[in-house]
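Student: Residue numbers (our numbering): 1 to 236.
1. From what residue to what residue does the beta strand (DSSP E) around residue 78 run?
2. Residue 16 lies in the beta strand (DSSP E); which residues open and close that run?
3. Determine the direct distance from the alpha carbon of residue 177 to that of residue 167, and round the result to whole angstroms.
4. Using alpha carbons as the reference points, say which of 212, 220 and 19 lies closest to residue 226.
5. Span of the beta strand (DSSP E) holding residue 188?
6. I think residue 62 touches residue 49, with their Cβ atoms under 8 Å apart; what is that distance to the nearest whole Å?
7. Leaving aside the five residues before and after residue 124 along the sequence, list all residues of the same chain whose C-beta is less than 6 Å from its C-beta, in chain order.
8. Going straight from the alpha carbon of residue 33 to that of residue 138, what length do you get?
9. Ordered along the chain, which non-local residues of its own chain (more than five positions away) have a Cβ less than 7 Å from that of residue 7?
10. Looking at the unbroken beta strand (DSSP E) that takes in residue 121, where does it start and where does it end?
11. Give the single residue among 35, 235, 153 and 236 whose Cα lies nearest to the Cα of residue 195.
12. Mapping DSSP to helix, strand and coil, what is residue 227?
13. Quick one: is residue 223 buried, meaning 16 or more other Cβ sit within 10 Å of its Cβ, or exposed?
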């Protein structure tokens, strides 16, 4: 099986390849099916990409869906479609217009997802927005300066903490405080800090510092920090 390599300015049609590398400024018109896709330059793909491994360390515009075993984004990527990956790791920037589906999603940079995100394990220490539902078995979120937003969260277990540093303390008057915002957070075990939500519903609920919750519905037990604001608590 052939390789597709673009080092300078160039374009190519889609097809099946062993390896696809975009090191210069390249455009691919058509769907790609390959074992390895790499973009370290500036690349555009007008079609879907199917690969065992996909890595973007440059700038990529993908006008189609991604289906891969492993996806890693160190640079910036805009995806006009869905992303299905067993493991998705975002260290740079990713703008995804569609759904995200897979086993694991790790966010260490900045990410926006236009629809739902459905994974087994979701871990975030960067900034993210999800316009739909975040659905996962395990969710770990460490919010930094600024606001991460999700429409709704459904999970078995979620832990949200705030990242604090000396630099953040120094700049606290200049930038927004770290915060997670959601309309609904629902799960078996819920542990939140620096979170704003209209409704929190779970079996065991722990509301930590700097939370602002409209309604808490719980089945088993609840703990609320003194600095938290809660409109109403209701035992189910």
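Even glycine gets a Cβ: it sits at the ideal position worked out from N, Cα and C.
Tutor: According to the data block:
1. 76–79
2. 9–22
3. Because the pLDDT of residue 167 is 46, which lies under 50, any placement of that residue in the model is unreliable, and the question is left without a value.
4. 212
5. 179–192
6. 6 Å
7. 107 and 141
8. 32 Å
9. 23 and 24
10. 121–124
11. 153
12. coil
13. exposed
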